[in-house]
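Asks: Quick one: the structure is below, and I'll ask about it shortly.
In the numbering used here, the protein residues as written are 3 to 201.
Given below as structure tokens:
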């Protein structure tokens, strides 16, 4: 494998993956680097694995090159794992980080601190033509705060405090957050897989 398509238009995420794959002499391209433009693939799966695979396998089948796709979200124990795969659109189709956070905080209004446990989950799926899809899962455990704090990050970062930290993900500096994030943990598993492939 000397090149891979990252199924994202997110510049920050792409930069991270480009640097990661460069260590293995693999050139990574984002969706905006392709001559052909793709419509968003509908995420109809009920798990992070299903959604990541849907995107990766659909595009790998079409382009006939390796494709990496990810799906991630927040699981809150007191809400029976919600918002889960619906994290990005929890408060509606409009995809509003603020509305999503407001909905979660409202639903947790009467839940005591010790029961506000949650985790960020990230699943990476790598699909290669005529090969079995590889999955790498990472997560970071924490709790949901009573109010948003911090200016960094995005999504649910202002209300998520990782175990062992006094700050929310949005109060941590980006480089601190990236060291403990669920995507970083998933990439550790991806790295082990790539090391095996390289042998």
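We put the beta carbon where it would ideally sit given N, CA and C, even for glycine.
Given a cut-off of 9 Å, decide if residue 146 and residue 110 are closer than it, judged by their beta-carbon atoms.
Replies: Position 108 of the chain shown, counting from 1, holds the residue named residue 110. Position 144 of the chain shown, counting from 1, holds the residue named residue 146. Against a cut-off of 9 Å, the Cβ pair of residue 146 and residue 110 comes out as a contact.
Asks: Alpha carbon to alpha carbon, what distance is there between residue 170 and residue 31?
Replies: Walking along the chain shown from the start, residue 31 turns up at place 29. Walking along the chain shown from the start, residue 170 turns up at place 168. Rounded to whole angstroms, residue 31 to residue 170 spans 32 Å at the Cα level.
Asks: Grab me the residues of residue 143's own chain with a C-beta within less than 6 Å of its C-beta, minus the 5 sequence neighbours each way, in chain order.
Replies: Residue 143 sits at position 141 when you count from the first residue of the chain shown. Answer for residue 143: 121 and 165, listed in chain order.
Asks: On the DSSP letters alone, give me the boundaries of the beta strand (DSSP E) that residue 145 sits inside.
Replies: Here residue 145 is taken as the residue at index 143 of the chain shown, counted from 1. Counting along the chain, the beta strand (DSSP E) containing residue 145 begins and ends at 136 to 146.
Asks: When you compare the CB positions of residue 45 and residue 56, do they come within less than 9 Å of one another, or not?
Replies: In the chain shown, the residue the question calls residue 45 occupies position 43. In the chain shown, the residue the question calls residue 56 occupies position 54. Cβ atoms of residue 45 and residue 56: closer than 9 Å.
Asks: Excluding sequence positions up to five away, which residues of its chain have a Cβ less than 8 Å from the Cβ of residue 60?
Replies: Your numbering for residue 60 matches position 58 in the chain shown. Excluding residues up to 5 positions away in sequence, 43 lie with their Cβ nearer than 8 Å to the Cβ of residue 60 in the same chain.
Asks: If we ignore side chains and look at the alpha-carbon of each, how far apart do residue 160 and residue 39 end up?
Replies: Taking the first residue of the chain shown as position 1, residue 160 is located at position 158. Taking the first residue of the chain shown as position 1, residue 39 is located at position 37. Straight-line Cα distance between these residues: approximately 33 Å.
Asks: Please report the straight-line C-alpha distance between residue 163 and residue 138, rounded to a whole angstrom.
Replies: Along the chain shown, one-based indexing puts residue 163 at 161. Along the chain shown, one-based indexing puts residue 138 at 136. Cα-Cα distance, rounded: 23 Å.
Asks: So what does DSSP say about residue 77, is it helix, strand or coil?
Replies: For the purposes of this step, residue 77 is taken as residue 75 along the chain shown, with counting starting at 1. Note: residue 77 maps to strand in three-state DSSP.
Asks: Leaving out five residues before and five after residue 155 in sequence, what residues of the same chain have Cβ atoms less than 6 Å from its Cβ?
Replies: Taking the first residue of the chain shown as position 1, residue 155 is located at position 153. Excluding residues within five positions, the ones whose Cβ falls inside 6 Å are 171 and 172.
Asks: Using three-state DSSP, classify residue 163 as helix, strand or coil.
Replies: Along the chain shown, one-based indexing puts residue 163 at 161. DSSP, read as helix, strand or coil, puts residue 163 in strand.
Asks: Which partner residues of residue 5 appear in the DSSP bridge assignment?
Replies: On the chain shown, position 3 is the one that residue 5 refers to. Beta-bridge pairing links residue 5 to 29.
Asks: Counting only the same chain and skipping the five closest in sequence on each side, list residues whose C-beta sits under 7 Å from that of residue 81.
Replies: As a first step, residue 81 is located in the chain shown; it is residue number 79 there, counting from the start. Here the set comprises 109.
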